[in-house]
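Protein chains: 2
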Amino acid sequence: MVDRRSGVPAFRQVAADLREKITAGTYAAGEQLPSERDLVDTYGVSRPTVREAVNMLRTEGLVVAEHGRGVFVRPPASIQRVARSRLSREARERNRGAFLADAAARGFTPSTSVKIRFEEADARVAAHLAIDEGAEVTVRDRVMRADGLVVQLAVSRLPRTITRGTAIEDVNTGPGGAYARLEERGHQLGSFVEHVGARMPTPDEASLLQLADGVPVITVTRVAYAFDGLPVEMNDMVLAADRYELSYEWPAD
Amino acid sequence: MVDRRSGVPAFRQVAADLREKITAGTYAAGEQLPSERDLVDTYGVSRPTVREAVNMLRTEGLVVAEHGRGVFVRPPASIQRVARSRLSREARERNRGAFLADAAARGFTPSTSVKIRFEEADARVAAHLAIDEGAEVTVRDRVMRADGLVVQLAVSRLPRTITRGTAIEDVNTGPGGAYARLEERGHQLGSFVEHVGARMPTPDEASLLQLADGVPVITVTRVAYAFDGLPVEMNDMVLAADRYELSYEWPAD
DNA sequence: CAGTGGTCTAGACCACAGT
DNA sequence: CTGTGGTCTAGACCACTGA
C-alpha cells in the first residue's frame, strides 16, 4: 500500500518498492512480476499509476514487458569483453578486421553487409580527418551480424583523395581489408585513437540492434593515423551496451 | 493530426512527428515545444496520449521538461574529452590523480570527498584483484566535484594485505596519492587495463550526478597491475554520458 | 493571476500468449 | 477461452513559474 500523505508520488512509491524487491531477490532474475491488475489491488492505485511505475523500471532497464505474457525481471545479459588497443599489424593481416577476429574467436558465424557511398565532410568529419569541410569522403556503411543477429553498426569514412582508384571504394576490399590497401598505397599506419561515449539509441538503432527499453548504446569513434601523423580513416561504431564492454590496456610508463 | 487507421499507435505518431521536427530544426535546440494542451488540439488526441509521446522523447534524451515552464529541446551538452592511457609516472607524481589533473587543466575548482571502509571481496572484486572471495579489501569511496557539481563517482578497492599500515587506509593518502604509496612499498606499477561499459543510472546516481531523463552513465573499471603482473587496485568509476567522452590511444604495432 | 507540467482516476477496448 | 500487457479517453486537481 502506498502512503498518501508522504508527498512522494504514488507511482514512485510503487516503483521504489518493486525495485527494492528486485534488487533484494524477492523477484529473481527472469522471474515474472505480479500482473498489473494484481499490483492495482496490492498497492491500492489505478492501473495507469501502476503502469507508470512499471514503465519507470523499464526505462531503467530493470524489467522487460512481454505483450500477453507478463513483466519479467531482466536477466543480466552476458557481456562480451572486446579487447581494443590490439589492432596489431599481424592481427590485421591475419584477419579481415577486428570484428571478424572477435567473432571467429568466439565461435559464432559472422556476416557483414556493406554499402558504399560518397558524401561531403561535415564539421565533425572534417575535424577528425583534418580535411576541409565539404571535401569528398568515401563512406563504408557496415551492418555486422553474429548468427544473423545485428550486433554492431559501423560507418567508416576516408578522404576520397586517398581511396580513389583503390579497392576501398569497392564493396570487397580484398585480402587484409581496407587497412592493407592503405598500406599498399604508402599510408603506413602509425596509431589509433578511440573516442568512447554513450547515449540512448535512436528508434532506428533500437530496432536494428533489437534493443530492449532502457538499454543505451556505446559509441566509438576510431581514428586511424598514418606514420606521418595524418588521419587516414575514421570509423563510427555503435554497440548495444548490454552486450559489450570494451577493454583498453596500456603500460604504466 | 494522427492517422487512426494506420495501426500505428497515436502516441508513437505524435512522438515521431515531434522527433522529426526537432531533428529537422523546426524546433531548434533550447527552443520550447508547444504546450501539452496545444498539442492536444494539434493532433486531436487526449492529454495522456500527448504526455506519453513527450515522455518517449524524454527517455530518448531529446527534450527536457521543466515544471511550470514548458518542454524544451535539449541543447547538445558540451562534452569533455578525457584522455586515458596517459597515467605516466611523471603525471602521477605531479598531480593528485587523473581527475585533479583534468580539473586543473580545465580551470574549474575541483574537490573530492573520500570515505574509507573495509569489506569482503565479492566474486567480481575477487576476480579482478586475483584474490579469494571473502578476502578483506580496503575501499576508498570518492565523490568528485567540479565547482561544487558532482561530476564523477569512484570506488577504489585494494587488497588489504598491501594497504595495511600505509596512508592508503587514511582519508589523506599524502603526496602523490595512493599510487605513490604503493610504489614506496615495492609495488611498482606495470600496466593499466580499463573496462568500459554503459547503462542507465540507478535513481541514486541520477540524483547525485543530476542527470536528466534519458542520459546513461559510462562505467569504467580500471585495474592497475604491478610489474610482476599482479593486480594491486581496481577503480570503479561512473560518469555522466552527456558530459564525458573517453579517449584512448595506442600505436599500430 | 494564468499557463505550464505532474499526478491520478475509472473506466473502455484492443492485441497477443497460452490453455 | 482467460489473462496478460498496450492504447486511449475525459476529466480532475496539484505544484511550479513568471508576469
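Protein sequences, first through last, are from chains A and B. Here the first sequence is numbered in full-length UniProt numbering, starting from 1 and rising by one per residue. Here the second sequence is numbered in full-length UniProt numbering, starting from 1 and rising by one per residue. Glycine is no exception: its CB is placed at the ideal position from the N, C-alpha and C atoms.
Of all residues in the UniProt domain "HTH gntR-type" (8 to 76) of chain A, the ones placed with a Cβ closer than 7 Å to any Cβ belonging to chain B are T59, E60, G61, in chain order.
The residue from H195(B), D204(B), A29(B) with its alpha-carbon nearest to that of Y248(B) is H195(B).
In this structure, R160(B) sits near E136(B), with a CB-CB distance shorter than 8 Å.
Against chain A, a Cβ distance below 7 Å from R185(B) picks out nothing, because the smallest value is about 16 Å. Judged by DSSP secondary structure, D141(A) falls within the beta strand (DSSP E) whose first and last residues are 136 to 146. Using a CB distance cut-off of 8 Å, F118(B) does not count as an interface residue toward chain A.
In this structure, the straight-line span from the alpha carbon of A130(A) to that of L246(B) is close to 20 Å. L189(A) reaches chain B at A252, counting residues in chain order whose Cβ is nearer than 7 Å. What M234(B) touches in chain A, judged by beta-carbon distance under 9 Å, is nothing: the nearest beta carbon there is about 13 Å away. Taken through DSSP and simplified to helix, strand or coil, D236(A) comes out as strand. Neighbours of L246(B) across chain A, judged by C-beta separation under 8 Å: H195, V196, G197. Within a 10 Å sphere around the beta-carbon of F118(A) sit fewer than 16 other beta-carbons, which makes this residue exposed. The beta carbon of T163(B) sits closer than 7 Å to the beta carbons of T138, E169 from its chain, once the five residues preceding and following it are set aside; these are given in chain order. CA-CA distance, A226(A) to A178(A), rounds to 13 Å. Just so you know, the alpha carbons of S111(B) and A241(B) end up roughly 20 Å apart. Comparing alpha carbon positions, the residue from R74(B), R5(B), V64(B) closest to A28(B) is R74(B). At least one beta carbon of chain A lies nearer than 8 Å to the beta carbon of E249(B). Nearest C-alpha to I116(A) among A24(A), N172(A), R145(A): N172(A). Taking 8 Å as the cut-off, the Cβ atoms of E52(B) and F108(B) do not count as close. In this structure, the straight-line span from the alpha carbon of V54(B) to that of A224(B) is close to 44 Å. Fully enclosed alpha helix (DSSP H) runs of no fewer than 4 residues occupy 10 to 23, 36 to 43, 47 to 59 of the UniProt domain "HTH gntR-type" (8 to 76) of chain B, in order along the chain. If you draw a 10 Å sphere on the C-beta of A123(B), you find fewer than 16 other C-beta atoms in it, and that means exposed. Among the residues facing chain A, A154(B) is not included, as its CB has no counterpart in that chain under 8 Å away.
Of the other Cβ atoms in all chains shown, fewer than 16 fall within 10 Å of the Cβ of H67(B); this residue is therefore exposed. Around the beta-carbon of L149(B), fewer than 16 other beta-carbon atoms lie within 10 Å, marking it exposed. Out of Q13(A), R58(A), G70(A), V215(A), the CA that lies nearest to the CA of G197(B) is found in V215(A).
Listed along chain A, no residue sits closer than 7 Å to I168(B) by beta-carbon distance, the nearest being about 17 Å off. M237(A) is the residue among P175(A), A15(A), L57(A), M237(A) whose C-alpha sits nearest the C-alpha of L209(A).
Separation of V125(A) and T219(B) (C-alpha to C-alpha, rounded to the nearest whole angstrom) is 27 Å. A212(A) sits in coil when the DSSP states are folded into three classes, being neither helix nor strand. For R81(B), at least one C-beta of chain A is nearer than 8 Å to its own C-beta.
For P216(A), the residues of chain B that pass the 8 Å Cβ criterion are A198, R199, M200, P216, A241, in the order they occur in the chain. Between L57(B) and G176(B), the alpha-carbon positions lie close to 46 Å from each other. Among the residues of chain B, none has a CB under 9 Å from the CB of R124(A); the nearest is roughly 11 Å distant. Counting the other CB atoms within 10 Å of its CB gives R81(B) a total below 16, which places it among the exposed residues.
One finds nothing in chain A with a Cβ atom closer than 9 Å to the Cβ of R181(B); even the nearest lies about 15 Å away.
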